[in-house]
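Undergrad: Structure incoming, see below.
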Amino acid sequence: MARSSDSPAAPRVSPPDLPREYVDAAPARSADLVAARLDLDGPADLAYASLEQCVVVADADAVDLTGATLLDVEMTGVRIASLRMRGASVRRLRIAGGRIGTLDLSDARIDELELRDLRVDYLNLGGAKAVDVDVVDCSIRTVDLPQSELTRVRFRGTSSDEVDPRGMRAVDVDLRGLDALSYLDANSLRGTTLSGFQVQQLAPVLAASIGIQVKD
Numbered sequence: 001m002a003r004s005s006d007s008p009a010a011p012r013v014s015p016p017d018l019p020r021e022y023v024d025a026a027p028a029r030s031a032d033l034v035a036a037r038l039d040l041d042g043p044a045d046l047a048y049a050s051l052e053q054c055v056v057v058a059d060a061d062a063v064d065l066t067g068a069t070l071l072d073v074e075m076t077g078v079r080i081a082s083l084r085m086r087g088a089s090v091r092r093l094r095i096a097g098g099r100i101g102t103l104d105l106s107d108a109r110i111d112e113l114e115l116r117d118l119r120v121d122y123l124n125l126g127g128a129k130a131v132d133v134d135v136v137d138c139s140i141r142t143v144d145l146p147q148s149e150l151t152r153v154r155f156r157g158t159s160s161d162e163v164d165p166r167g168m169r170a171v172d173v174d175l176r177g178l179d180a181l182s183y184l185d186a187n188s189l190r191g192t193t194l195s196g197f198q199v200q201q202l203a204p205v206l207a208a209s210i211g212i213q214v215k216d
């Protein structure tokens with residue numbers, strides 16, 4: 001199918017709608033939190049919780065948001081060894097500044113996510129369905145995207161050692177701003193946009209995938 005001249009479409013990401021005042025709250029499994037501030041300094045169990053119009057500050061080994069619902073949430077300057085958001089439902093989440101060891105968004109449902117000025121060792125989006133994602137000025141050692149469905153996803157000023165896109169389905173995914181050392185499966189980059197230089201780097205892998213032997 002032919003692409004329009006303005007492809008790839010940019011992600012439609014808006015800032016979280018946050019209140020002027022917050023109530024301090026403690027993490028709890030299945031909690032229902034609205035307009036709350038969470039200051040996490042140890043392992044935090046927020047699995048299956050609901051966070052709406054919340055801000056999160058964390059210096060923690062593990063934060064568990066498995067199956068949680070996040071609506072209009074901001075995390076700033078976090079330092080988290082493991083942030084588990086497997087199967088979470090996300091709408092307008094911004095994570096800005098800090099360092100995360102493992103950011104697990106596998107099987108999550110995402111609508112408007114901004115990652116900015118982050119260092120991440122391992123980003124897992126395996127099986128996720130993500131629409132409108134902007135990744136800006138990040139360093140991500142490994143990006144896992146197997147079996148994900150990505151729409152309007154853009155990387156800008158971001159670097160990675162390894163990207164695994166196996167089985168990924170992509171629409172309007174802009175990888176021109178992702179400086180990746182390697183892609184595990186170039187065939188799975190269908191639906192993405194790359195720069196001419198990136199395509200040159202991938203040429204040997206693309207040739208091998210369609211049975212072309214390249215010799216000088």
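Under this note's numbering, the first residue of the sequence shown is numbered 1, with each subsequent residue one higher.
Glycine included, each C-beta is placed from N, C-alpha and C at the ideal position.
Since we're looking at a predicted model, the values are computed, not measured.
Quick check: the Cα distance between residue 172 and residue 62, rounded to an integer number of angstroms?
TA: Computed Cα separation, rounded: 33 Å.
Undergrad: Measure how close the beta-carbons of residue 188 and residue 204 come, nearest whole angstrom, since I'm counting them as under 8 Å.
TA: The pair is not a contact, with the Cβ atoms about 16 Å apart (cut-off 8 Å).
Undergrad: With distances taken Cα to Cα, identify the nearest neighbour of residue 179 among 196, 126, 58, 169.
TA: Closest by alpha carbon: 196.
Undergrad: Using CA coordinates, which residue listed in 146, 79, 170 is at the minimum distance from residue 152?
TA: Nearest C-alpha to residue 152: 170.
Undergrad: In whole angstroms, give me the CA-to-CA distance for residue 23 and residue 86.
TA: Cα to Cα, the separation comes out at about 27 Å.
Undergrad: Decide if residue 65 is buried, meaning its Cβ has at least 16 other Cβ atoms within 10 Å, or exposed.
TA: Classification for residue 65: buried.
Undergrad: Would you report the Cα separation of residue 1 and residue 55, rounded to the nearest angstrom?
TA: Unreliable positioning characterises residue 1 in this predicted model, as indicated by a pLDDT of 47, which lies under 50. A coordinate reading is not provided.
Undergrad: Pull up the CB-CB distance for residue 53 and residue 35, whole angstroms please, since I reckon it's below 8 Å.
TA: Right, their Cβ atoms sit about 5 Å apart.
Undergrad: What's the gap between the Cα of residue 45 and the Cα of residue 144?
TA: Taking the straight line joining both Cα atoms gives about 24 Å.
Undergrad: How close, in whole Å, do the beta carbons of residue 183 and residue 199 come, if the pair is a contact with beta carbons under 8 Å?
TA: Actually they are not in contact, since the Cβ atoms of residue 183 and residue 199 sit about 11 Å apart, beyond 8 Å.
Undergrad: Which same chain residues end up closer than 7 Å to residue 167 when comparing Cβ atoms and leaving out the 5 residues on each side of it in sequence?
TA: So the list reads 146, 147, 188, once near-sequence residues are dropped.
Undergrad: Straight-line CA distance for residue 38 to residue 186?
TA: Straight-line Cα distance between these residues: approximately 41 Å.
Undergrad: Can you tell which of 84, 150, 155 has the C-alpha that lies nearest to the C-alpha of residue 134?
TA: Ranking 84, 150, 155 by Cα distance to residue 134 puts 155 first.
Undergrad: For residue 98 versus residue 79, is the C-beta spacing smaller than 8 Å?
TA: Yes, Cβ-Cβ distance for residue 98 and residue 79 is below 8 Å.
Undergrad: How many angstroms separate the CA atom of residue 213 from the CA atom of residue 192?
TA: Roughly 25 Å between the two C-alpha positions.
Undergrad: Tell me which residue opens and which closes the beta strand (DSSP E) that residue 34 is part of.
TA: Residues 32-34.
Undergrad: Verify whether the separation of the beta carbon atoms of residue 18 and residue 33 is less than 8 Å.
TA: Cβ atoms of residue 18 and residue 33: not closer than 8 Å.
Undergrad: Nearest to residue 9 by alpha carbon, out of 49, 121, 115, 131?
TA: Taking only the C-alpha atoms, the option nearest residue 9 is 131.
Undergrad: What does DSSP give as the partner residues of residue 152 in its beta bridges?
TA: The partner list for residue 152 (beta bridge, DSSP) is empty, contrary to what the question assumes.
Undergrad: Could you please give the first and the last residue of the uninterrupted alpha helix (DSSP H) stretch that includes residue 196?
TA: Start and end: 196-209.
Undergrad: From residue 13 to residue 216, what does the alpha carbon distance come to, in whole angstroms?
TA: The alpha-carbon atoms of residue 13 and residue 216 are separated by roughly 46 Å.
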